[in-house]
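One structure is given here, and the rest of the page talks about it.
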Amino acid sequence: MGVVALILSLVAKKKIREQDGLPSQNKMATAGLILGIVGSIVGIIGLAVSIIGLLLTAGPALGNIFENIVNNLNN
Numbered sequence: 081m082g083v084v085a086l087i088l089s090l091v092a093k094k095k096i097r098e099q100d101g102l103p104s105q106n107k108m109a110t111a112g113l114i115l116g117i118v119g120s121i122v123g124i125i126g127l128a129v130s131i132i133g134l135l136l137t138a139g140p141a142l143g144n145i146f147e148n149i150v151n152n153l154n155n
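Convert by adding 80 to the 1-based position in the sequence shown; the result is the number in our numbering.
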């Protein structure tokens with residue numbers, strides 16, 4: 081959702097600039113931009129933690145599967 085907030089806030093800021101919008105509108109678009117950045121960062125961190133957790137729990141099993149595949153290919 082952070083990426084959507086980034087895109088929409090940038091579109092809003094462009095429209096506000098083109099139409100000589102109110103300063104309060106620009107502040108609201110800036111707040112959306114900041115929240116979009118924060119949301120994107122939190123999302124990336126959450127994804128990284130999920131991937132690391134998956135690799136830690138399933139890593140040994142995946143290693144065994146790939147080791148069996150390599151052994152079968154070599155034989």
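Where a beta carbon is used, it is the ideal one built from N, C-alpha and C, also for glycine.
Collapsing the DSSP output to three states places glycine 101 in coil. The closest CA to that of lysine 94, considering only Thr110, Asn144, Ile121 and Met81, is found on Thr110. Taking every protein chain shown into account, the CB of serine 89 has 16 or more other CB atoms within 10 angstroms, so this residue is buried.
DSSP, read as helix, strand or coil, puts methionine 108 in helix.
A residue is called buried when at least 16 other Cβ atoms come within 10 angstroms of its Cβ; alanine 85 meets this threshold and is buried.
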